[in-house]
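Chemist: Here's a structure for you.
In our numbering, the protein residues as written are -13 to 149.
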């Protein structure tokens, strides 16, 4: 009973697995259950008048999916596309979206005691999209609520589901 109460404030992340990826010098984590696949970066088809952070679209086995470059979205300097650049294919509320990141490192299981609340500060993105900070030995992962971020009005990618 006390575990349930303790975890309620932690978004039920007890023992959840997170895919760790890098953007610039920071390491982030997203719920592995939202990840459909990880692909190397490939050329995208630009869409006229799309926001700059939407690189374009790719054809993924017959499905046309938008690709968002998170480095551009979060103003993390000029993106470089090299052999480490990857596209994380996400499935958010049944909608498939690609997310360009610098690299992916591993999948990590975090226990409640390893997750701290996100401090209020001027970061690259609003703390409303952060679940918290995950600590693994000397590493710190910025845990992103990828559902909330990708379905936010500023992204304009996914219609909010009616509650």
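Each residue gets a CB set at the ideal place from its N, CA and C atoms; glycine is no exception.
Is the beta carbon of residue 136 closer than 8 angstroms to that of residue 150?
Modeler: No information on residue 150 is available, as it lies outside the stretch -13 to 149 that the chain covers here.
Chemist: Which partner residues of residue 6 appear in the DSSP bridge assignment?
Modeler: Within the chain shown, the letter at position 20 stands for residue 6. For residue 6, which the question treats as bridged, DSSP gives the partners 15.
Chemist: Is it true that the CB of residue 134 sits closer than 8 angstroms to the CB of residue 121?
Modeler: Mapped onto the chain shown, residue 121 falls at position 135. Mapped onto the chain shown, residue 134 falls at position 148. Against a cut-off of 8 angstroms, the Cβ pair of residue 134 and residue 121 comes out as no contact.
Chemist: So the candidates are 139, 80, 138, 126; which of them puts its Cα closest to the Cα of residue 7?
Modeler: Along the chain shown, read from residue 1 onward, the residue named residue 7 stands at position 21. Residue 126 is the option with its Cα nearest to residue 7.
Chemist: Work out the CA separation of residue 45 and residue 129 for me, nearest whole Å.
Modeler: Translated into the one-based positions of the chain shown, residue 129 becomes position 143. Translated into the one-based positions of the chain shown, residue 45 becomes position 59. Using only the alpha carbons, I get a separation of about 29 angstroms.
Chemist: Could you give the DSSP three-state label for residue 92: helix, strand or coil?
Modeler: Translated into the one-based positions of the chain shown, residue 92 becomes position 106. Strand, per DSSP.
Chemist: If you draw a straight line from the C-alpha of residue 132 to the C-alpha of residue 85, how long is it?
Modeler: The count along the chain shown starts at 1 and reaches residue 132 at position 146. The count along the chain shown starts at 1 and reaches residue 85 at position 99. If I take the Cα positions, the gap works out to 10 angstroms.
Chemist: Under 8 angstroms, do residue 65 and residue 143 count as touching if we go by C-beta distance?
Modeler: Residue mapping note: residue 65 aligns to position 79 of the chain shown, counting from 1. Residue mapping note: residue 143 aligns to position 157 of the chain shown, counting from 1. Cβ atoms of residue 65 and residue 143: not closer than 8 angstroms.
Chemist: Who are residue 113's beta bridge partners in DSSP?
Modeler: As a position in the chain shown, residue 113 is number 127, starting the count at 1. None; residue 113 has no bridge partner.
Chemist: Hey, how far is the Cα of residue 43 from the Cα of residue 32?
Modeler: The residue you call residue 43 lines up with position 57 of the chain shown. The residue you call residue 32 lines up with position 46 of the chain shown. One C-alpha to the other measures close to 7 angstroms.
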